[in-house]
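Asks:
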Ligand SMILES: [Zn+2]
Ligand SMILES: [Zn+2]
Ligand SMILES: [Zn+2]
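Numbering (the numbering used here), first residue to last: 18 to 1002.
1) Please look up how many angstroms separate the CB atoms of residue 615 and residue 575, rounded, as I've assumed it's under 8 Å.
2) Could you compute how far the alpha carbon of residue 241 sits from the alpha carbon of residue 273?
3) In chain order, what are the residue ranges of uninterrupted beta strand (DSSP E) at least 3 long that sit wholly in the stretch 239-269?
4) State the DSSP-derived secondary structure class of residue 597, mapped to helix, strand or coil.
5) Where in the stretch 526-608 do unbroken runs of the alpha helix (DSSP H), each at least 4 residues long, occur, reported from the N-terminal end onward?
6) Does the structure place the stretch 258-272 close enough to the stretch 380-400 that three or more beta carbon pairs sit under 8 Å?
7) Can you tell me whether residue 974 is helix, strand or coil according to DSSP?
8) Determine contact between the stretch 768-785 and the stretch 91-107, defined as no fewer than three beta-carbon pairs at a distance below 8 Å.
9) Can you find the residues in the same chain that come closer than 8 Å, C-beta to C-beta, to residue 487, ignoring five residues on each side of it along the sequence?
10) Could you have a look at residue 715 and say whether DSSP puts it in helix, strand or coil?
11) Can you find the residues in the same chain that come closer than 8 Å, C-beta to C-beta, to residue 707, ignoring five residues on each side of it along the sequence?
12) Where do the N-terminal and C-terminal ends of the beta strand (DSSP E) with residue 342 fall, by residue?
13) Per the contact definition of three or more C-beta pairs closer than 8 Å, is the stretch 765-781 in contact with the stretch 712-721?
14) DSSP three-state label for residue 1007, please.
15) Just to confirm my understanding: we take residue 224, look at its own chain, exclude 5 residues before and 5 after, and list those with CB closer than 6 Å. What are they?
16) Cα separation between residue 740 and residue 851?
17) Can you find at least 3 beta carbon pairs, one from the stretch 581-588 and one from the stretch 602-619, that sit closer than 8 Å?
18) According to DSSP, residue 462 sits in a beta bridge with which residue or residues?
19) Quick check: what's the CA-CA separation for residue 1038 versus residue 637?
20) In or out: residue 503 buried (at least 16 other Cβ within 10 Å) or exposed?
21) Contact defined as beta carbons within less than 8 Å: I believe residue 544 pairs with residue 608. What is the distance between those atoms, to the nearest angstrom?
22) Label residue 959 either buried or exposed according to how many other C-beta atoms from any shown protein chain fall within 10 Å of its C-beta, with 16 as the threshold for buried.
23) Mapping DSSP to helix, strand and coil, what is residue 362?
24) Note down the Cα distance separating residue 512 from residue 531, rounded to an integer number of angstroms.
25) Following a CB-centred definition, is residue 408 positioned closer than 7 Å to any heavy atom of ligand 1?
26) Helix, strand or coil: which one does DSSP assign to residue 95?
27) Which residues have a Cβ closer than 5 Å to any heavy atom of ligand 2, listed in chain order?
28) Run through the DSSP bridge pairs and tell me what residue 457 is partnered with.
29) Around the C-beta of residue 482, are 16 or more other C-beta atoms found within 10 angstroms, so that it is buried, or is it exposed?
30) Quick check on DSSP: helix, strand or coil for residue 185?
31) If you measure from each residue's Cβ to the nearest non-hydrogen atom of ligand 1, which ones come out under 6 Å, in chain order?
32) Among 705, 855, 290, which has the Cα closest to the Cα of residue 747?
33) Going by the CB atoms, is the gap between residue 73 and residue 25 shorter than 8 Å?
34) How many angstroms separate the CA atom of residue 802 from the CA atom of residue 945?
35) Rounded to whole angstroms, what's the CA-CA distance from residue 420 to residue 250? Just pull it up for me.
36) Does the beta carbon of residue 4 fall short of 7 Å from some heavy atom of ligand 3?
See the structure below:
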């Protein structure tokens, strides 16, 4: 259809057109998109679309429902979302049930402070009221966290998360406790546990943090009571002392013994008329430090530690015996590292490396784990004369009523006056602190409920004179019989896939060293330990059937029933004491460790929700969870199924500032998610998570986030170019087959397949930083700098429906479609926006689509050939730049390029002769022969002919057409095509 008048040239150029704007406006557009997803009920749509697919379960570690989220919490959840969304797009049914950890000390402390501000005390309220306030606090906190997690674009069961304080969950927690009892792994006994004297409760391993702390380091002499001649005749009639070292002088009033290694050599050396015993390796160091003995020290006798076994010393100042014992746990070197640090004395023994010890270990069975173990073996009392508030009890001579840390200095002075102190100094070491109040903790023996790591207990409540139990304790780590919790856990972790791989070592070290799990807390906001005591004979009742009966009540009425109902009503009707037949009861007042709560999640959630299954495919949390949730979940998995509840465990690093420091609101270096939502959008947080290697610590600052924003812009502009040039493209009508495409289009699609393979591999391996890197390089190098630049001429100047143009569009559609899918799990908002702007999309959201496939494979020969062409192109672009600087040409289209080459290079260039002008974005390219073996030589000159008004290329044919006298021959052909087709669709 020829028109009368010539076309308006400007209107014949196909400029990009798309609703996908250059400016992202994420802060405004993200909430709008979330609303749209809400209306679609997108999460349900995904569930429905995934029905029947293989399951993939990421089990959410519940964040603590106490405060607003910070960047670290956001990062944790975003990484989980990457996994869930990518597995979903791989064709799995990957439901996501988020959870919240609702009980525990931090909430109690928060509520207590709130009461204090109102001039009230916890004791003014009854327990039910206090618990109700705690519950409300948790509910408010989890509501605000949920709002922020949703704002981050995380899809999941937000209307129905799992809460450790729900009736069902509390019931399951109690049933789990019954399961441990069934296996004989629960007992009540007095053994040292971490104790916070501020919060007045026992603490779990995971509830202490190690920080530098200054303690008094003291060398103290204990006079030997036994006949020294029994060690060596040379000592007959001498005044002999055993020298101990400690950094906790306050534990000395509880000293009941001194441990030495049976196989190490010990020496007795002379100091005036006294004789001191220390490990031979440490004689010189001790003598020098305490300024005792001659130089060099005069050693009177050497003997193995075993010689001292069961001899008696006298306490340094109390009228009491201190028993000499042998134990393999005594060492002479190596500072304990944070992961294996168990208690204070452990660190002391190992501190000998810094020449601080004596090889004779002060032993207070009520104040240390190893002390307890060896004390039990030697039949010592588990003596702990320190009350809940950390004050010496009245029986402690001289120091009764003093707080232990305050008493340290007084004890040092007292020993100096008594002449039993050889030396004291300030000592810096890593010391356990309470995770909540940050105060140093103590090790203290109190009656607590434990989960036994090494053997079943026949008696629920440990009796002091239980010889059967005592016989099970050995020197070092207790033996691990086949069925023990420790042995099963150690075996099970070897079957788990740990990412990064060092996770298994960390877990193994933690499991090998950990003492029995203290699961009781002297608090009220939690699940009660469901045990009854006979009011007449004190017999403890903890039969699984009785506990399960209590669980059913909790299921109906919540755990508050423990406080609101009488023991009688909680027990099965007519229950009588098996010991004495009485029917009067008291209830246990301790609650369970919150790690027991959260550890129960695999059972309470995975096994109780239809869409989930046990075990989980993946757990992903920070490195602090080795001692925490990874551990407690493992314990519960083994108690219930003899298996770990996870197949893969992934650990992420910490969020730090640009200098590598932890972020703190008070330090002013914290980056708050809420602020970013309003400034740059959640997408930038998500992309930051993907841009850093999360297996290491992740750094964030305004500057780092600016770089991420720049990266985002590049990805966005790449998508925008593709979408803009798809205006009017109807895939069903306009697509061109691969065979009919230009070679460069096929090259671009081969590159797409290559990068797709890379991205799929990275998603599979949970390496999101590699996804980002691959996509970023593809967008900036392959597409922006090469393909898009080169095909612009074809897209803009060819007739809209020209086959060559449609070939480029066909490639662009595949690229945009694949980019959206590959970005989908990470840039959840932007990928969906790209998707919305693609022609002929089917699913209403990218999140219902699958990741792209690499169908057609990647054509390696083609890729290699084009790499060679791009190498020549790089040289040409450099030469053009030089010509531009020399003012020979302005734009590259004003140039003609002459290439001279030989051999296979010349053949390659000849084969692509017609592509070259487009490849270089110049008007003309000439090829010529170079001498054999010479590199490609490049000559730039001014293009022949005149500039075409329409395409800006230079041509000697401009002016040949009468109808369009200002355009080149290519444009004349294009205009004729347009006239025939009609300008617009
Ligand atoms: Zn504390
Ligand atoms: Zn009884
Ligand atoms: Zn032209």
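Idealized CB from N, CA, C, for every residue including glycine.
Replies: This is what the structure holds:
1) Going by Cβ atoms, the distance from residue 615 to residue 575 rounds to 18 Å, so no, they are not a contact pair.
2) About 14 Å.
3) 256-263
4) Here residue 597 sits in coil by DSSP.
5) 561-574, 578-581, 584-587
6) yes
7) DSSP, read as helix, strand or coil, puts residue 974 in coil.
8) yes
9) Per-residue confidence for residue 487 stands at a pLDDT of 31, beneath the threshold of 50, marking its modelled position as unreliable; no derived number is given.
10) strand
11) 99, 785, 786, 788, 789, 843
12) 338-343
13) no
14) In the structure as shown, the chain begins at 18 and stops at 1002. Residue 1007 is therefore absent and cannot be evaluated.
15) Cβ neighbours of residue 224 beyond the five flanking positions: 452.
16) 8 Å
17) yes
18) 209
19) Here the chain comprises residues numbered 18 to 1002, so residue 1038 is not present and cannot be evaluated.
20) buried
21) 6 Å
22) exposed
23) With a pLDDT of 43 at residue 362, under the threshold of 50, the modelled position of that residue is not reliable, and no figure is offered here.
24) 20 Å
25) no
26) helix
27) 551, 553, 554, 556, 594, 596, 597, 599
28) 450
29) For residue 482, the predicted model reports a pLDDT of 42, less than 50, meaning its position is unreliable; a value from the coordinates is still stated below. Answer is exposed; the Cβ neighbour count stays below 16.
30) helix
31) 213, 215, 216, 451, 453, 454, 456
32) 855
33) no
34) Cα atoms of residue 802 and residue 945: separation of roughly 27 Å, rounded to the nearest angstrom.
35) Each residue's alpha carbon lies about 45 Å from the other.
36) Since the first and last residues shown for the chain are 18 and 1002, residue 4 lies out of range.
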